[in-house]
Amino acid sequence: MKRILMLLTLALGISPVMAGDKNSAASDSKIHWMNLDEVQTAMKKEPRKILIDVYTGWCGWCKRMDATTYESPEVIKYVNENFYAVKLDAERKDSVRFVGKMYGYDPSYKVNMVAYDLLHGQLSYPSTVFMDQGFQLITNVPGYHNVPEWEMILKYLGQDKYKTVKWEEYQKDFKASWAEVPMQGATPAAH
152 MKRILMLLTL ALGISPVMAG DKNSAASDSK IHWMNLDEVQ TAMKKEPRKI
202 LIDVYTGWCG WCKRMDATTY ESPEVIKYVN ENFYAVKLDA ERKDSVRFVG
252 KMYGYDPSYK VNMVAYDLLH GQLSYPSTVF MDQGFQLITN VPGYHNVPEW
302 EMILKYLGQD KYKTVKWEEY QKDFKASWAE VPMQGATPAA H
């Protein structure tokens with residue numbers, strides 16, 4: 152009993168010290184998702200490229216990408232170091248100001264017009280919008296992507312390869328090194 156109390160005391164004494172730094176490994180175990188207001192504020196202090204994950208609540212492939220690709224330690228680390236990551240619900244009903252323009256929900260399209268504008272009317276979910284440090288569109292990447300595919304896309308854009316190398320050529324020479332993340336609770340399909 153004494154030993155258990157001693158271990159418990161030791162554990163409680165150490166945990167605040169280990170959990171003290173917000174930038175510790177524990178806080179880097181997830182992507183640091185922002186909203187549109189937060190990213191605009193952050194860009195004033197330290198400009199970076201932006202990754203905007205455009206999703207809906209009913210989108211199964213959006214949920215799968217969250218549960219697999221965005222849970223990869225390599226994806227998390229690379230996104231946190233090279234991009235500001237934004238989660239944008241395409242069907243949000245409130246108004247939002249983004250890059251000096253006010254956007255609202257349009258019931259006829261069932262979409263917030265900020266998502267419509269970012270996706271140039273091509274409403275497909277998930278879609279990921281990549282912007283440069285000046286809020287200019289780099290590209291729009293529709294659909295679900297597994298970890299090796301996402302590694303190739305993130306590095307192509309994050310390392311500015313898109314400025315000098317055609318996508319087709321980059322794909323030919325690229326060797327993925329990040330491991331796929333299995334979906335939690337998923338069982339293999341019967342063949």
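In the numbering used here, the protein residues as written are 152 to 342.
C-beta: ideal position from N, C-alpha, C; glycine also.
{"Item": "Could you give the uninterrupted runs of the alpha helix (DSSP H) lying entirely in the segment 232–318, keeping only those of 4 residues or more?", "Value": "264–269 and 298–309"}
{"Item": "Short check: CB of VAL237 to CB of ILE201, under 8 Å?", "Value": "yes"}
{"Item": "Looking at the secondary structure, which residues open and close the beta strand (DSSP E) in which ASP217 lies?", "Value": "Note, ASP217: premise wrong, no beta strand (DSSP E); alpha helix (DSSP H) at 211–218."}
{"Item": "Quickly, what does DSSP pair TYR206 with across the bridge? List them, please.", "Value": "ASP240"}
{"Item": "Can the beta-carbon of GLU242 be found closer than 8 Å to that of VAL262?", "Value": "yes"}
{"Item": "Would you decide whether ASP311 is buried or exposed? Buried here means 16 or more other CB atoms lie within 10 Å of its CB.", "Value": "exposed"}
{"Item": "Is ILE201 helix, strand or coil by DSSP?", "Value": "strand"}
{"Item": "Got a sec, what are the start and stop residues for the alpha helix (DSSP H) VAL332 sits in?", "Value": "Neither: VAL332 is in no alpha helix (DSSP H) and is coded neither H nor E."}
{"Item": "Could you tell me the boundaries of the alpha helix (DSSP H) in which ALA193 lies?", "Value": "187–196"}
{"Item": "Would you mind stating whether GLN287 and PRO198 have Cβ atoms separated by less than 8 Å?", "Value": "no"}
{"Item": "On a CA-only basis, which of THR192, HIS271, LYS181 and SER180 is nearest GLY251? Give me that one, please.", "Value": "THR192"}
{"Item": "Identify which residue in GLU222, ARG215 and VAL205 has its Cα closest to the Cα of LYS181.", "Value": "GLU222"}
{"Item": "When you compare only the Cα positions, how much space is there between GLN324 and TRP318?", "Value": "It should be noted that the sequence gives Asp, not Gln, for residue 324. Computed Cα separation, rounded: 10 Å."}
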